[in-house]
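*Asks:* This is the structure I want to talk about, given as structure tokens.
Numbering (this note's numbering), first residue to last: 3 to 157.
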């Protein structure tokens with residue numbers, strides 16, 4: 003009886019190891035780049051095909067899209083200390099974030115889709131202003147200071 007269970011046990015252990023590795027890779031791709039600090043009203047986080055209500059303390063990852071409804075706003079901070087405030091009826095996609103100052107790797111790219119936004123520069127923008135890009139439908143906001151605000155109409 004022990005011999006007939008051994009192959010099943012080995013299969014279960016191997017399956018468990020494969021599942022653990024697959025879960026680790028998926029988490030590595032969705033690594034935290036920031037955290038939500040303030041939410042007022044109805045704010046939605048689109049992550050892949052999922053759409054969930056955004057709450058204070060929610061981790062943010064590259065590829066996340068944040069959408070605010072009328073009379074809603076959200077504030078979040080990225081790992082380099084950069085701060086974003088998104089106003090009502092607005093949307094932003096966190097396109098790229100790479101913060102490895104010890105290796106000289108710095109990048110922050112966000113696609114501002116519509117609405118209002120204010121941004122306060124973090125370590126990336128202070129160390130290398132050209133590494134920060136806030137893209138709009140009409141152009142790219144270049145960071146040359148520490149704060150700016152943008153308003154863009156819905157398409």
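Where is the CB? At the ideal position from N, CA and C, for every residue including glycine.
My assumption, with CB atoms under 8 angstroms, is that residue 91 sits in contact with residue 70. Please give the rounded CB distance.
*Replies:* Contact holds; Cβ gap of about 6 angstroms.
*Asks:* Could you give the DSSP three-state label for residue 60: helix, strand or coil?
*Replies:* The answer is coil: DSSP assigns residue 60 none of H, G, I, E or B.
*Asks:* Residue 66: buried (16+ other C-beta within 10 angstroms of its C-beta) or exposed?
*Replies:* Per the 10 Å Cβ criterion, buried.
*Asks:* Between residue 160 and residue 78, which are expected to be in contact by the criterion C-beta below 8 angstroms, what is the C-beta distance as a whole number of angstroms?
*Replies:* Any answer about residue 160 is impossible in this case: the structure gives the chain only from 3 up to 157.
*Asks:* When the Cα atoms are used, what is the spatial distance from residue 46 to residue 95?
*Replies:* C-alpha separation (whole angstroms): 12 angstroms.
*Asks:* Might you give, ordered along the chain, the residues of its own chain that have their beta carbon closer than 6 angstroms to the beta carbon of residue 125, omitting 5 neighbours on each side?
*Replies:* 82, 83, listed in sequence order.
*Asks:* Starting from the Cα of residue 112, find the closest Cα among 101, 134, 123, 105 and give me that residue.
*Replies:* Minimum Cα distance to residue 112 is reached at 134.
*Asks:* Excluding the 5 residues flanking residue 61 on each side, which residues of the same chain have their C-beta closer than 7 angstroms to its C-beta?
*Replies:* Cβ neighbours of residue 61 beyond the five flanking positions: 34, 37.
*Asks:* Would you mind reading off the limits of the alpha helix (DSSP H) that contains residue 125?
*Replies:* Start and end: 125 to 129.
*Asks:* Apart from the five residues on each side of it in sequence, which residues of its chain come closer than 8 angstroms, Cβ to Cβ, to residue 50?
*Replies:* Answer for residue 50: 65, listed in chain order.
*Asks:* Can the beta-carbon of residue 115 be found closer than 8 angstroms to that of residue 99?
*Replies:* No, these two residues do not count as a Cβ contact at 8 angstroms.
*Asks:* How is residue 157 classed by DSSP in three states: helix, strand or coil?
*Replies:* If DSSP states are grouped into helix, strand and coil, residue 157 belongs with coil.
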